[in-house]
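Here's the structure we're looking at; comments come further down.
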Amino acid sequence: MKQTTALSIMKAGKNVFLTGSAGAGKTYTLNQYIRYLKARKIPVAVTASTGIAATHLNGITIHAWAGFGVKKNLNNQDLVAMKERKYLRDHLENVEVLIIDEISMLHRCQMDMVNEVLKYFKNNDLPFGGIQVIFSGDFFQLPPIGDVGENNRDKFSFMAKAWLEAALVICYLSEQHRQQNNSLDRILNEIREGQVSDDSIMLLKLAAENKLAKFGKAPKLYTHNHDVDKINAAELKKLKSQPRFFEAETKGNAKLLEMLKNNVRTDEKLELRLGAKVMFIKNNFEKGYINGTLGEIVDYTNEGLPVVQTMDGKRIFCEREKWAIEDENGKALASFEQLPLRSAWAITVHKSQGMTLDAAEMDLSNTFEKGQGYVALSRIKSIEGLCLLGFNKTALELDALAMKADKRFRELTADAENEYAEKELEKEAVVFVRKCGGLLEEKEIEKNLKKMDGPQKKEQKKSTYLLTKELIDQNMSLDEIVEERGVTISTVVTHLEKIKDLYPDTDIHRFRPKGSLIKKVEKAYLGLKLSHNEEVLGADGKPTTRAIFDMLEGKLDWMEIKLAMIFANLG
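Residue numbers (our numbering): 803 to 1373.
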């Protein structure tokens, strides 16, 4: 099923299970529907089975939203006590649409409790109190956490009584937006079918020899946290550059904030260094990055914010992003603002869920849960971006019950496509908006959309080095650049040093001094370096400009020395 068809069915007010393989666009489709509802002022609760998944949608965990927390069952006394809590009463009684993402990780008993809570608060015995429910997920992802010895039949939410009551329309998305009909796509489909061919196993084994140099230093995926933390800490410490620390700004309810802190995949006090391998952990299509874009810290702006060079050579000026838990009216109950970056030498398979990676080095030899290997392999775009150090039998296995259910989901999707006509769905959409007390006036809807989008952000201030580079590209001389920029010539020469490193393709040859002058500076530099005299060496162990000036007895001025050093072979 196409995303547009699934969206039309949701708009018509049907209860929906939105599913499909990794990369099919489930989260994108959900966000489209959430935007549609909010523009029409329809109260929508955006939730997920885990905190990590909730942050993808600026939502809250279903456990917190429904008020049952860690409970495994509810009695009448529990429900009465819950209704006395104004916060729960306000949003549970008013909600018209409930979205639960990553439904595969919601336990069967929790699904039934959500149904029970909504019936009680809505005073309505219809499924989920008569509101629309949208479940999204892929049961081939990681399963729910259950009691020791509990089998998946007792855990999967599609085995819940509430699942059957909801009479869900199954929307199995078929378009692929991550792997594009390549060998990895075939391998993933074979894993989903439970029949991995010998050719595919051979390809996975050969992937151990793949060189990922063209992708930069690709992240490593491990099944256990301790491996990841150890690698990231060690790699960061190896860098000789000075650390810079960025503190998160937090607001709102303490308990909700704690959830955000635990599940947003960056640190409250983030340490960065020049040369650090990082990963963007949020989508920002306007700025050119998505959740999983890899890069390296190459510079800082005048404001002290990091400049990230991505694998394709693009430079992104990184600003803070906001993660928030919002109520059904879009009001932030808790917010966490931080740079959308995390160290990316290594990440866990669990935390890679929802990401799209250009490349990754993986070790799946310690895979302990069916579906874990599938999650890891489905993060990347092609087999060329995979260096698979090892895998065990479990890494290529999926739960048998999930496979049986998935087959049935596909059959039911075909039925849905045949049953619903677009024109009828459009009529039902109007009826549903009216039933929910939503807006139908187009002008009001447009007005709300503009409010939601907020004022357009001012263009990011360009790095001072980039401004100088643009004038160099216009073939200006040093004097012309000084006049245009309103800075000293020493500043421009300092910029040239940076530009040579940051933008190696920039033509700065016209600023090259005479060969004889460069040789004098090279000779002085080498002599001072070999002297091992700490008085003439800087903190980086290299001779200072002042020391070279003194050794040459002032025959060359500061600017001539600096220019010569830019072009000299200093070893």
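Ideal Cβ positions, reconstructed from N, Cα and C, are used throughout, including at glycine.
Top-ranked residue by Cα proximity to L1200, from T1215, V1177 and K1007: V1177
Can you give, in chain order, each stretch of the beta strand (DSSP E) that sits fully within the region 996-1029 and has at least 3 residues? 1022-1024
Between W1125 and V1066, how many whole angstroms is the CB-CB distance? I'm expecting something under 8 Å. 5 Å
Give me, in chain order, the residues of the same chain whose beta-carbon lies closer than 7 Å to that of E1362; leave out the 5 immediate sequence neighbours on both sides. P1315 and L1319
Spatial neighbours of L1214 within its chain, please: CB distance less than 7 Å, with the 5 preceding and 5 following residues excluded, ordered by chain position. I972
Unbroken beta strand (DSSP E) run spanning L1358, endpoints: Note, L1358: premise wrong, no beta strand (DSSP E); not H, not E.
Taking just the CA atoms, how far does L1365 sit from M1278? 16 Å
Can you find the residues in the same chain that come closer than 7 Å, C-beta to C-beta, to I905, ignoring five residues on each side of it along the sequence? S851, F937, S938, G939 and S959, listed in sequence order.
Just to confirm my understanding: we take I811, look at its own chain, exclude 5 residues before and 5 after, and list those with CB closer than 8 Å. What are they? Sequence-distant Cβ neighbours of I811 in its own chain, meaning closer than 8 Å and more than five residues away, are V818, V971, C973, A1218, Y1222 and L1227.
In whole angstroms, give me the CA-to-CA distance for Q1262 and E1088. Because Q1262 carries a pLDDT of 48, less than 50, the predicted location of this residue cannot be relied on, and the following value inherits that uncertainty. C-alpha separation (whole angstroms): 12 Å.
Span of the alpha helix (DSSP H) holding M1081? Note, M1081: premise wrong, no alpha helix (DSSP H); beta strand (DSSP E) at K1079 to F1082.
If you run the structure through DSSP and keep just helix, strand and coil, what is G871? coil
Out of Y1267, Q912 and L1179, which has the shortest C-alpha to C-alpha gap to S1154? L1179
Hey, how far is the Cα of N1027 from the Cα of V950? 21 Å
Where the beta strand (DSSP E) containing R1117 begins and where it ends: R1117 to F1119
For the alpha helix (DSSP H) that A883 lies in, which residues bound it at each end? N878 to K885
So, for T1296: in the same chain, excluding its five sequence neighbours on each side, which residues have a beta-carbon less than 8 Å away from its beta-carbon? Correct list, in chain order: K1364.
Do K1084 and N1093 have their beta-carbon atoms positioned less than 9 Å apart in this structure? yes
Would you check if the region 831-843 and the region 1235-1243 touch, i.e. whether three or more CB-CB distances between them fall below 8 Å? yes
Tell me where the beta strand (DSSP E) around D903 begins and ends. V899 to D903
Determine which residues share a DSSP beta bridge with I972 and list them. For I972, which the question treats as bridged, DSSP gives the partners F819.
Alpha carbon of T1112 to alpha carbon of F1234, nearest angstrom: So the two alpha carbons sit approximately 44 Å from each other.
Quick one: grab the DSSP three-state call for P1108. strand
Can you give the Cα-Cα distance for G861 and L1041, rounded to whole angstroms? The C-alpha of L1041 is placed about 36 Å away from the C-alpha of G861.
Run of the alpha helix (DSSP H) containing Y830, from where it starts to where it stops: Bounds of the alpha helix (DSSP H) holding Y830 are K828 to A841.
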